[in-house]
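Numbering (our numbering), first residue to last: 14 to 379.
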């Protein structure tokens, strides 16, 4: 419940240089900066269920204008020839910083349709896809699986070099490369985003990447997640039930409303949709903290004592101490943000949005 920093060397540690971001507005700005090539190496960490991958993917789609890569490349080449005769240099925006100094930033450049990889991909397929999307943004989502392959780990190390032109080299010229018309060695300027739930600070590949990239830990509260879900969800009844349960829920996870909706559509009498949210309730000791915060006691010590007694009465083996109380209380107040509980949102959507079916890959020919 919340970001847990463990000792260095733990696979769940975060680098000391990592910046913790707690709001969706900022993480969307960071995603946009990556998609337009202003962040050449972004490592996005955090527990699952916050929508990290979708935010990055949406930013990549918006940066390309939604055009297929082949058409985009043709349009960019044509426009590039025209603009070259009109503008002698890259346009810039001049802004003033809070200190009054001028801050000059290059206008974002559209890099074209990017490569979004979810989970595992074979090393040679990765080589081919990186070539097809060279100079465009590349995102490796669910990279915990991706990093389990030694060859992919090594290729990622080279892809995240600080050189402008990063070398990609397959170990041999295979029939797959010949058939795909992809060179054994090529160079790319692609910005890279790596999305992981964990980070192994003792791994030499991770250590190399750690010295080069911008590290962000995304750790939103339930209030932030609730507001984010309200931007795109469509079932008010489920959304209201979530709002009622917010103070009692474990780690924020946007997927529980989708699971609830699937159960609602399935309409199984003994498996109600509320189950998807109720199963995400915290353990009894945590729930008791939320309950006892709202009760009247003469002192905080009396409140803690009553809570310990209640927890032990229910389960003599349960962990119940002053330290546990304070840890759970901090989590409860963080999740609920007592005094700042999110205002109930009336959804704008009333039905699930339509999604276009992605195209299948071409059928290989002999």
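Yeah, the Cβ is synthetic: ideal placement off N, Cα and C, and Gly gets one too.
Can you name, in chain order, every residue of its own chain whose Cβ lies under 6 Å from the Cβ of residue 155, other than the five neighbours on each side? For residue 155, the CB contacts under 6 Å within the same chain, skipping 5 residues up- and downstream, are 131, 132 in chain order.
Determine the burial state of residue 175: buried for a count of at least 16 other Cβ atoms within 10 Å of its Cβ, exposed for fewer. Of the other Cβ atoms in all chains shown, fewer than 16 fall within 10 Å of the Cβ of residue 175; this residue is therefore exposed.
Proximity winner among 228, 244, 366, 52, relative to residue 202 (alpha-carbon distances): Answer by Cα proximity: 52.
Which value, in whole angstroms, describes the spacing of the CA atoms of residue 222 and residue 43? CA-to-CA, the gap between residue 222 and residue 43 works out to about 18 Å.
Just verifying my parser: in three-state terms, what is the DSSP assignment at residue 375? DSSP, read as helix, strand or coil, puts residue 375 in coil.
Can you grab the Cα-Cα spacing for the pair residue 232 / residue 200, in whole Å? Straight-line Cα distance between these residues: approximately 35 Å.
With a threshold of 8 Å, are at least 3 pairs of Cβ atoms found where one atom belongs to the region 310-326 and the other to the region 267-287? No: the two stretches stay apart, fewer than three of their Cβ pairs being nearer than 8 Å.
In DSSP terms, what residue 152 is bridged to: 129, 206.
Can you tell me whether residue 252 is helix, strand or coil according to DSSP? Looking at residue 252 - three-state DSSP - the assignment turns out to be helix.
Looking at residue 255 and residue 290, is the spacing between their C-beta atoms short of 8 Å? Yes. Within cutoff.
Please report the straight-line C-alpha distance between residue 305 and residue 326, rounded to a whole angstrom. Approximately 15 Å, taken between the alpha carbons.
Option in 371, 245, 146 with minimal Cα separation from residue 172: Measuring from the Cα of residue 172, the nearest candidate turns out to be 146.
From the DSSP secondary-structure annotation, give me the bridge partner or partners of residue 231. For residue 231, which the question treats as bridged, DSSP gives the partners 34.
Grab me the residues of residue 225's own chain with a C-beta within less than 7 Å of its C-beta, minus the 5 sequence neighbours each way, in chain order. These residues qualify, in order along the chain: 54, 173, 175.
Can you give the Cα-Cα distance for residue 164 and residue 45, rounded to whole angstroms? Residue 164 and residue 45 have their C-alpha atoms roughly 29 Å apart.
Any idea what DSSP makes of residue 200, helix, strand or coil? The answer is strand: DSSP assigns residue 200 an E or B state.
Alpha helix (DSSP H) segment containing residue 172, residue limits: It spans 163-172 - the alpha helix (DSSP H) in which residue 172 sits, taken as one unbroken run.
Drop a sphere of 10 angstroms on the beta-carbon of residue 341, count the other beta-carbons inside from all chains shown, and report buried for 16 or more, exposed for fewer. When all chains shown are included, residue 341 counts as buried.
Apart from the five residues on each side of it in sequence, which residues of its chain come closer than 6 Å, Cβ to Cβ, to residue 299? Correct list, in chain order: 341.
C-alpha distance - residue 105 paired with residue 192, whole-angstrom precision: Residue confidence is low: residue 105 scores 41 on pLDDT, short of 50, so the model does not pin down where it sits. No coordinate-derived value is stated.
With H, G and I counted as helix, E and B as strand and the rest as coil, what does DSSP make of residue 176? In the three-state scheme derived from DSSP, where H, G and I count as helix and E and B as strand, residue 176 is classed as coil.
Should residue 265 and residue 66 be called a contact, given that it needs their Cβ atoms to be closer than 8 Å? Contact: no.
Assigned exposure category for residue 251 - 16 Cβ within 10 Å defines buried: Buried, because 16 or more other Cβ atoms sit within 10 Å of the Cβ of residue 251.
Assuming residue 210 contacts residue 60 (C-beta within less than 8 Å), just tell me the rounded distance between them. Going by Cβ atoms, the distance from residue 210 to residue 60 rounds to 6 Å, so yes, they are a contact pair.
Please look up how many angstroms separate the CB atoms of residue 355 and residue 241, rounded, as I've assumed it's under 8 Å. Going by Cβ atoms, the distance from residue 355 to residue 241 rounds to 11 Å, so no, they are not a contact pair.
Can you give the beta carbon distance from residue 139 to residue 166, rounded, assuming they're within the 8 Å contact cut? Between residue 139 and residue 166 the beta-carbon gap is near 11 Å, outside 8 Å, which marks them as no contact.
Would you say residue 28 and residue 212 are within 8 Å of each other, going by their C-beta atoms? For residue 28 and residue 212, yes; Cβs fall inside 8 Å.
Considering only C-alpha positions, which residue in the set 235, 257, 126, 365 is nearest to residue 246? When C-alpha distances from residue 246 are compared across 235, 257, 126, 365, the shortest belongs to 365.
In the DSSP assignment, what residue or residues form a beta bridge with residue 182? Looking at the DSSP assignment, residue 182 forms a beta bridge with 198.
Do residue 76 and residue 38 count as a contact pair if the criterion is CB distance below 8 Å? Their beta carbons are not under 8 Å apart, which means residue 38 does not touch residue 76 by this criterion.
Between the alpha carbons of residue 69 and residue 331, how many angstroms are there, rounded? Between residue 69 and residue 331, the alpha-carbon positions lie close to 41 Å from each other.
Can the beta-carbon of residue 243 be found closer than 8 Å to that of residue 358? In contact: residue 243 and residue 358 (Cβ atoms closer than 8 Å).
For residue 359, which three-state DSSP category applies? Here DSSP, grouped into helix, strand and coil, assigns residue 359 to coil.
Taking the C-alpha atoms as reference points, what is the distance between residue 269 and residue 64? In a straight line, the C-alpha of residue 269 is about 12 Å away from that of residue 64.
Beta-carbon proximity of residue 151 to residue 159, cut-off 8 Å: Not closer than 8 Å, so no.
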